[in-house]
Every structure is written in C-alpha cells, then in structure tokens.
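Peer 1:
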Amino acid sequence: MAKSFLKDVYDVGKIDSRELYASWAATYDKEVKENGYVTPKRIADALKDIVSDQSELILDYGCGTGLSGSALWSVGFKNIDGLDVSEEMVRLAKKKSIYRNLRVFEPSTKIPVQAEQYKIITAVGVIGAGAAPLQVFSDLLSLLPSNGLLAFSFNDHTLKDPSYEKEVDACLKVGKALMVHKSYGKHLPKANLNSNIYILKKL
Numbered sequence: 101m102a103k104s105f106l107k108d109v110y111d112v113g114k115i116d117s118r119e120l121y122a123s124w125a126a127t128y129d130k131e132v133k134e135n136g137y138v139t140p141k142r143i144a145d146a147l148k149d150i151v152s153d154q155s156e157l158i159l160d161y162g163c164g165t166g167l168s169g170s171a172l173w174s175v176g177f178k179n180i181d182g183l184d185v186s187e188e189m190v191r192l193a194k195k196k197s198i199y200r201n202l203r204v205f206e207p208s209t210k211i212p213v214q215a216e217q218y219k220i221i222t223a224v225g226v227i228g229a230g231a232a233p234l235q236v237f238s239d240l241l242s243l244l245p246s247n248g249l250l251a252f253s254f255n256d257h258t259l260k261d262p263s264y265e266k267e268v269d270a271c272l273k274v275g276k277a278l279m280v281h282k283s284y285g286k287h288l289p290k291a292n293l294n295s296n297i298y299i300l301k302k303l
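To convert, count from 1 in the sequence shown and add 100; that's the numbering used here.
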C-alpha cells in the first residue's frame, strides 16, 4: 500500500517540504484526487468569470504536477507557464503537455520572473502551512503590472494562523490591490478541509 503524505504536509517544522514533495510526486495526483481536491477548479472557474481574454499569459507559480494548470486549461486558458521548486513534480507536469514553459528554481533565491512579465499569476494551494511562506504573497504581487491579477488560496490549516489574512487585509487597506473575488468552499472534502480562494487586482 502506498504511503499517504497528506497528513505529513501540514506537520510544519517536522519535515523538509522539498523532500516531502519529492517523495510524494509519484503518488500526489492520485492521493489528492481521491480526497476530492477542488481548489484548482474553483480558482480556474473564478478567473474565467473575470478574465475576458483567455489567451492572456499566466504564470502558474508552484505548479507542482500540473493539476492547477490542468484546471486552467480545462476552462479555456491555453497560454500557461509553470514554475516550481520540485524537479520531481515538474517532471510529471511536463508529461501533461499543458505548459508553454516549465522551470524549476531554488526557493532561497529570487523568483526568476521579470517584473510585469505576466498579467496573471496563480498560486493554487501554494502559500501557507506546509508550503511556501507568507512572503511569497508580497513577492508575487510585486511582479504584476497595474491591473494584473493574483489568484491564490489559503486552506483551513493556513487560515488558523491569522497573519495570512492580516497580510492580505493590510495590502487592501493601503491601496496596493483590490479584492475582486473571495469565497470559502471545498478544498479536500474527503479530508474535511476547505479553503478560501482570492483574486486580487493590483492597483
């Protein structure tokens, strides 16, 4: 029987996340799909309702094995680049033939993206407990041009730490961005987990 990694990923501080995702890569899609992983579809559907030009180039930050890219592709977005810290997961994403370009980068270095290179950046299930630190939120927003969109999610484990939503609220309060979508709903329903999804427009 294959090892389940889903509980391990939220055991913050007790396991190296890159090592975990490297080990999890081969069975990741199967395990999260078995638990009804729906956040990628929720974000893709929300973006489809907001973005009129679906040929717009999207950066799928933290693309993993490509489930987020697959969701974007399924609603009509066909111009997608992927970026992730896990070589093992990116190797699997490449097999899906969704992405225009795929890159692996070191998380300790600057995000290898030029300012205003993308008008839409997604970070689906990427920022929060067991994954990328809160700083990534500000880093991604800073890369967008004016009126660019940042679509991301915080799951229940992440929402238990108020600093995440406080950071978003502070960004809105000082006029850095405008919230154009926010909704709470299913994330991994068979694991009894929900998530907030957000789409911010940079001002």
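Each residue gets a CB set at the ideal place from its N, CA and C atoms; glycine is no exception. Since this is a predicted model, take the numbers as computed values, not measurements.
1) Are three or more beta carbon pairs between the region 186-199 and the region 210-225 nearer than 8 Å?
2) Is the beta carbon of I299 less than 9 Å from the beta carbon of L240?
3) On the criterion of 16 or more Cβ atoms from any shown chain inside 10 Å, does I149 qualify as buried, or is it exposed?
4) Taking buried to mean at least 16 other C-beta atoms within 10 Å of its own C-beta, is S295 buried or exposed?
5) Would you call G164 buried or exposed, if buried means 16 or more other Cβ atoms sit within 10 Å of its Cβ?
6) How far does the beta strand (DSSP E) with F252 in it reach, from first residue to last?
7) Relative to the C-alpha of A277, which candidate in P289, K301, A291 and L293 has its C-alpha closest?
8) Please work out which residues of its chain come closer than 7 Å, Cβ to Cβ, to T139, disregarding the five sequence neighbours upstream and downstream, and give them in chain order.
9) Find out if the Cβ-Cβ distance for the pair I180, L157 is shorter than 9 Å.
10) On the three-state DSSP scale, how would you describe A223?
11) In this structure, what does DSSP give as the bridge partners for L293?
12) Which residue or residues does DSSP assign as beta-bridge partners of S283?
Peer 2: A quick look at the data gives this:
1) No, the region 186-199 is not in contact with the region 210-225.
2) Position 199 of the sequence shown, counting from 1, holds the residue named residue 299. Position 140 of the sequence shown, counting from 1, holds the residue named residue 240. Against a cut-off of 9 Å, the Cβ pair of L240 and I299 comes out as no contact.
3) Within the sequence shown, numbered from 1, the residue matching residue 149 stands at position 49. According to the sequence provided, residue 149 is Asp. The question's Ile does not apply to it. Under this definition D149 is an exposed residue.
4) Residue mapping note: residue 295 aligns to position 195 of the sequence shown, counting from 1. Here S295 is buried, its C-beta having at least 16 other C-beta atoms within 10 Å.
5) Sequence index remark: in the sequence shown, residue 164 carries index 64 (1-based). Counting Cβ neighbours within 10 Å, G164 comes out buried, since at least 16 surround it.
6) On the sequence shown, position 152 is the one that residue 252 refers to. Where F252 is concerned, the enclosing beta strand (DSSP E) starts and stops at L249 to N255.
7) The count along the sequence shown starts at 1 and reaches residue 277 at position 177. It is K301.
8) Within the sequence shown, residue 139 is the residue found at index 39, counting from 1. Annotation for T139: V224, G225, S253, H287, S295 and I297 place their beta carbon closer than 7 Å to its own, counting only its chain and skipping 5 residues before and after.
9) Taking the sequence shown and counting its residues from 1, the one referred to as residue 180 is at position 80. Taking the sequence shown and counting its residues from 1, the one referred to as residue 157 is at position 57. Cβ distance < 9 Å, so I180 and L157 count as in contact.
10) For the purposes of this step, residue 223 is taken as the residue at position 123 of the sequence shown. The answer is strand: DSSP assigns A223 an E or B state.
11) For this step, residue 293 is matched to residue 193 along the sequence shown. Answer is L288, bridged to L293.
12) For the purposes of this step, residue 283 is taken as residue 183 along the sequence shown, with counting starting at 1. DSSP links S283 through a beta bridge to I297.
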